[in-house]
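Novice: To start, I am sharing the structure in question, which I have written as structure tokens.
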Amino acid sequence: MQIFVVPNFQIDVNCDDKPITGSPFTSKVFDAKCAKLSCIEEAVVGRPCTFMIDAAGAGAGNMEIIVSVENRNVPNFVQAEGQAKFKVSFTPQEAKDHLISVRFNGDPIPAIIPKDVMAYQTEVMLLLIIELILAGVRSISSPMVCPVREKSSQLAAAMSSSMNAVGLEQEMRLVGDLTVGQVGQMKGFSIDTGGRETDCNVSITDSHGRELDVEMEKVYNGYHVQFRPLTSGEHEIEIVMNGQQLGIGPFVMKVSEPPKIARIPSTIFAGKEIMDTGDVVQRNVKVEVKNAKNELVPTKTEVGNDGIVRAVCTFHDIGRYSMDVFVNEMLYGERQYVRVIQSGRGAVLVDDIEQALVGWSCKLILRAEPDAGKHLSIVVIDSERNPIPVSLTKLPDGIFEVEFTPRTEGVHSISVLVGDEHIRGSPFKITVLDLSAVRVIGLKNDHVGIEQRFNVDWSNSGGATAAVRVTCGGKEVPCTMKRIKRGLHVCSFIPRQVGLHLVDVMIDEMLLPECPYECIVSDAGSVRICGDALTRAQRDKTARFEVSLNDAERGELDVVVSDSRGRPLPVRCYKQHDDSYWVEFTPENIGIHQIEITFADAPVVGSPFKCMVVDPRKVFMKGINEPFIIKQPALITVNRQLAGGGDLTVELIDPSNEPVRLGMQTTVDGDDVFEFTPTKIGQYKLSTKLAGFLVNGTPHTLTVEEYGKPILRGSAMKRPVEVDRPTSIIFDAKNVKGNLKIDVRGPKKAKIRHTANKNPDGTMEISFTPTEVGRYLVNIEHNNRTISGSGIDLGSPFETEVVDPRKVVVNDHLADEDGIYRFAVQQKNVIDVDATAAGSGKLRAEVRDWDGKSVSGCDVESLGYGKYRVTYYPHQPGKYGIYLYWSDIAVQKPLHIVAEGEQPSTSRAMPLTNTMATSHTIRSRPEDRSTYEGNGMDYLRVILRGEGLTRAANNEQAEFIIDGSDVSRAVCYEDLNPKFSMIINDCDISNGQVSSSLFGQKADIPVRLTDLGNNVYKAIYTPLIPGVYELQVLWDGHHVRGSPSRVQVHLHSSAAEAIIIDANTLKMGIVNEDVKTIIDTRKAGPETILERETLIFPQKLLLYSIALYAALMHYLDAYCGIIFPLRQLSAQCMGPTKLAYCELYDLQDGTYTLSVRPSEIGKHTLVVKYSDEQVPGSPFILNVSYPPDASKVRVYGPGIEHGILSTFKSNFIVETKGAGVGQLTVR
């Protein structure tokens, strides 16, 4: 009987060439004649009898199995074997014929007689089978008769001895399907021996005659056999039991190739058609595609002439879809998924792709659509078809940064894919150049009028075009290029004038890094100097450079090397065999050294040279000895302040020999901090160079681990923070569990409210908002242990400085009505800045022109006590902006400057000779000097200036300047009616010896002198005990003018700091009612008009009135540079729209009563100043509201109602909403 496979039919219903919902529809077809009933065993009373049903080719449907004897049903058991095969067993209890009826969807299934028919012991069954075989019929229509015999039947005794062996075979059963198999899949069956001890041997031969490996395991009631087919075709299975073949075998198994199902893309765009192909040479194949709601998506399945099944599906909605493949109604293979994203471009390049260089990082910027960013991938292939590592970094707003470093020249291919699909224009092409492979050969110094010929070899650069440009004195010199072959040109030009010619070589319009090449053209040859020592050298190490005479005329070579202080260094010159010279010198100090080279009494081209001398041994690195943690920010601090200038380069190589990107920032102390995030565990190689020289301790090996100790990090631990702005500290427990204790205290040791929130990465963010300027103390403990900091020397507890840049006050009385300062060109212009109330920090200023470019010429001088002087020297007229930074935090608005050449400056202009004294300068008068002062009177020319000459604050550094720059000059004065002129002549006078001492009644204060050059010294001292001290300054053993002088050391840096204000009453107020507080000024000292007792004036001045005092102050400020502040108390309260009325009442005991009457509701700012400086706590915030209205207070709850004592609840609620500001009292 020929068996056909019954397929399922699919009905496609299309509307406008698009399938409708639910299409294609599946129509299931069945044929009961395609099912098989086989493997009938001999039935014995009391023993299970088994037969097999194969319905794989019959289609889908229900199966009905009935075993009966004399119209009585016998219980049967069905076991699914897979692939629509079933094993049915029943146990007869009577020695009578049993009827087996199997129906499939109501139609009977015929019984199949296998080729290896077994000789049944029952004579009736044997005769029935023989008759069917003679009739040529191999199927028995259902129901089928199954004879059953007794256990000890007389038929067994009547059989011959030859039939005993056949009976033994009948006692054994084969369990499993031996008809079909699949290549590569394990196939198994069992041999049931009924518990008898037998010798079993199984051999399997494939279609090529090769014997397969068989795994046979002895089990309780027989054997279990397994094998794996390796090729397709018919396999013969031969089973030998006790030396005799089982059945009439061998059994034949048909092994087929496994179906191949193609992989589908992981991501596609909505509206795009996807085709899934599978090498399934079967007709009963079905593909189901479902969306996220488990709804079927219309799929069209076609079977080609080659037997390959193709399924086509179009996705219209975005989301995740699943695809299942069914073969013969059975799920085959694993489920595949596809994500459908919004149709569009997916991703686009923000900038055009430019050229790249070998060994240099190349970056591309992509903008991806929201759904496409998750599936974005980049593949870079070089010109040799080798992949290049690429890093993809996600930035805000859907921006992605692609970075890779090409290693070879040539055209590279950049593929940008969203999922498995290229974006528009992908793959992109980029040309990579290797400029280091360009060679310029034959360029030399020569004479005027002689043709210069040199070769440019750029064949290995990867470029397409080359260009050469020659210039001299800014003018271009004609140059011709002749092509010899691809990548090789001969260039020539004829110099027409003497001087330095510059040669620029460009490949694909990209200039070579070493350009310009220098060519010195002279009328009789020229001297050429080369060597690294011309630009950089190391302290205490020999530096060398070469001097080539190049057939120059006879003359003497003279080399002079001067250190940073102008002192000459020993120089050694060695003449070589080619008449060139090898010059050596050993620098002893760091800084810029000057190298002057002359030949025949004429300086050579480029002389004098500036050589930067550094000391790499003085570079200290912090944070490199402790292991770093993977995926955690790592900091490396480099201190190079004692090592000198020069470029500092830090390179870090990861365990995969790939460079690591480092971010750098400079701290307030001048240290360089490098930051990176390690992504790999292992050993990193750190290399640090200063001016090209390796520093001590490098290369150094860094260790990156997976876990570490709990640490703290955050901006509050590294730099000052701004007041009234949230400040956060990150606590990283490094996966260590435990308790966390946090304590934040303000400048007055009061507890500060803070919050602790857990981040998604497991770290804890500790936040607090400082409300006043000062030093905050943060103490954090984990498991009762203090936590170390990340990137700093100290951990918990640590101090955080809080500053207020808003309190940096600029003296704007020099500005015009529009707030613009008008400066004079080619002069020093001064602006005074007061930062006493801004907190602890440093003032920094930078100048930018109208185009935003940085401009030099701006300096900041500290005057002490929070006062600063900003000087700016504009070189040319124009508009500028001075930007101020307090502790590297920008002050709100820049200062607008207009530099004019003709109009007078609105600010004070300072001459370059520094002859004008600053505040508190003591200087001799011109009329006290003689017409000519010789060297014996040098000490009279020394000038003292600075606030540290007369006053200082306890525990704070004070300084003054000793200016002896006029000592080496002879000065002649002439009286020109009230003015005088000054003529300066240089004289050869040696520097004098200067000393300074500060003597007190209880202790002496050491004074440290720093040489600033040109006989100018800075004196610095720090008093530790307040009181009156005597300052002596000696020059060559003689007291300079103004020495000795008296220095008053105050307990506070300013009088305002000693002011005490009761701020408890300044928290809230009521409109049109007085808010009063007490101000105590007794610790600030007595109120006097002049602070100093002894002053030198041209004549005695009497203070008759306030008007006379004001005129005196104007005279001292304008002509003598001396400013005496008037100590006075002032208060100002500003409301939301206008000023509030303030009044101060003097209580005649050093205390005052401040009364403020606000006239509007809202936030008021009260500023209290003493001697024009804000007192502690100022400005105060005062919230003003309407008078309280008790009638709007609501009280409710069980606590104010009647009740029973045992169950009484005493709580109640007081709601004051709308009642205004007031004090709630409950009694």
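First residue of the sequence shown: 1, per the UniProt record's numbering; consecutive thereafter.
Backbone N, C-alpha and C define an ideal beta-carbon position, used for all residues, glycine too.
1. Just mark Asp1062 as buried or exposed, buried being the case when its beta carbon has 16 or more other beta carbons within 10 Å.
2. Evaluate Thr21 with the Cβ neighbour count: other Cβ atoms within 10 Å of its Cβ, from every protein chain shown; 16 or more gives buried, anything less gives exposed.
3. Are the CB atoms of Gly746 and Glu781 within a distance shorter than 8 Å?
4. By a C-beta neighbour count over all protein chains shown, 10 Å radius and 16 as the cutoff for buried, is Gln827 buried or exposed?
5. How is Lys828 classed by DSSP in three states: helix, strand or coil?
6. Have a look at Gly852 and Leu884 and give me their C-alpha separation to the nearest angstrom.
7. Please report the distance separating the alpha-carbon of Val124 from that of Met323.
8. Which residue or residues does DSSP assign as beta-bridge partners of Gly1013?
9. Tell me which residues share the same chain as Thr703 and place their Cβ nearer than 6 Å to its Cβ, disregarding the 5 neighbours each side in the sequence.
10. Could you say which of Pro92, Asp1189, Ser1178 lies nearest to Gly1220 if we only look at CA atoms?
11. According to DSSP, is residue 1230 part of a helix, a strand, or is it coil?
12. Could you say which of Thr688, Gly61, Thr408 lies nearest to Asn386 if we only look at CA atoms?
13. Confirm, please, whether the CB-CB distance from Arg1082 to Gly1027 is below 8 Å.
14. Buried or exposed: where does Gly462 fall if 16 or more other Cβ atoms within 10 Å of its Cβ makes it buried?
15. For Asp532, which option in Val547, Ser522, Gly762 has the closest C-alpha, if you only look at C-alpha atoms?
16. Quick one: give me the first and last residue of the beta strand (DSSP E) that Glu288 is part of.
17. Does DSSP classify Asn1064 as helix, strand or coil?
18. What are the boundary residues of the beta strand (DSSP E) that includes Met612?
19. According to DSSP, is Ile1200 helix, strand or coil?
20. Where DSSP assigns a beta bridge to Gly222, which residues make up the other side?
21. Mark Val1040 as exposed unless 16 or more other C-beta atoms lie within 10 angstroms of its C-beta, in which case mark it buried.
22. Whose C-beta lies closer than 6 Å to the C-beta of Ser687 among residues of the same chain, with five residues either side of it excluded?
23. Taking the alpha carbon of Ala60 as the point to measure from, which residue in Val44, Met481, Ala35 has its own alpha carbon closest?
24. Quick check on DSSP: helix, strand or coil for Asp938?
25. Kindly identify the DSSP beta-bridge partner or partners of Ser995.
26. Which term fits Arg320, buried or exposed, when burial requires 16 or more other beta carbons within 10 angstroms of its beta carbon?
27. Where DSSP assigns a beta bridge to Gln665, which residues make up the other side?
28. Just checking my contact of His501 with Val477 at CB under 8 Å: how many whole Å lie between their CB atoms?
29. Return helix, strand or coil for Ala43, following the three-state DSSP convention.
30. Look at the alpha carbon of Leu549 and the alpha carbon of Cys573, and state the distance between them as a whole number of angstroms.
31. CA-CA distance, Ser1159 and Pro1187?
32. Exposed or buried, which one is Ile100 when buried takes at least 16 other CB atoms within 10 Å?
33. Count the other CB atoms within 10 Å of the CB of Glu722; is the residue buried (16 or more) or exposed (fewer)?
34. On the criterion of 16 or more Cβ atoms from any shown chain inside 10 Å, does Ser930 qualify as buried, or is it exposed?
35. Starting from Gly852, follow the beta strand (DSSP E) in both directions and report where the run begins and ends.
36. For the beta strand (DSSP E) containing Gln683, list its first residue and its last residue.
Specialist: Answer, in terms of the structure:
1. So Asp1062 ends up on the exposed side.
2. exposed
3. no
4. buried
5. strand
6. Roughly 15 Å separates the two Cα atoms.
7. Since pLDDT at Val124 reaches only 36, below the 50 mark, its modelled position is unreliable, and no value is offered.
8. Val1016
9. Pro627
10. Asp1189
11. Outside the modelled stretch of the chain, which goes from 1 to 1227, sits residue 1230, for which no answer is possible.
12. Thr408
13. no
14. buried
15. Val547
16. 285-290
17. helix
18. 609-614
19. helix
20. Asp192, Val219
21. buried
22. The answer, listed in chain order, is Glu651, Thr698, Pro699.
23. Ala35
24. helix
25. Leu1034
26. Exposed, by the Cβ-count rule.
27. According to DSSP, residue pairing for Gln665 in a beta bridge involves Val673.
28. That pair is a contact at about 7 Å.
29. Three-state DSSP puts Ala43 in a strand.
30. 14 Å
31. 12 Å
32. buried
33. Only buried fits Glu722, as 16 or more other CB atoms lie within 10 angstroms of its CB.
34. Residue placement at Ser930 is poorly supported in this model, since its pLDDT is 36, which falls under 50; the coordinates still yield a value, given next. Label assigned to Ser930: exposed.
35. No beta strand (DSSP E) holds Gly852; DSSP gives it neither H nor E.
36. 682-690
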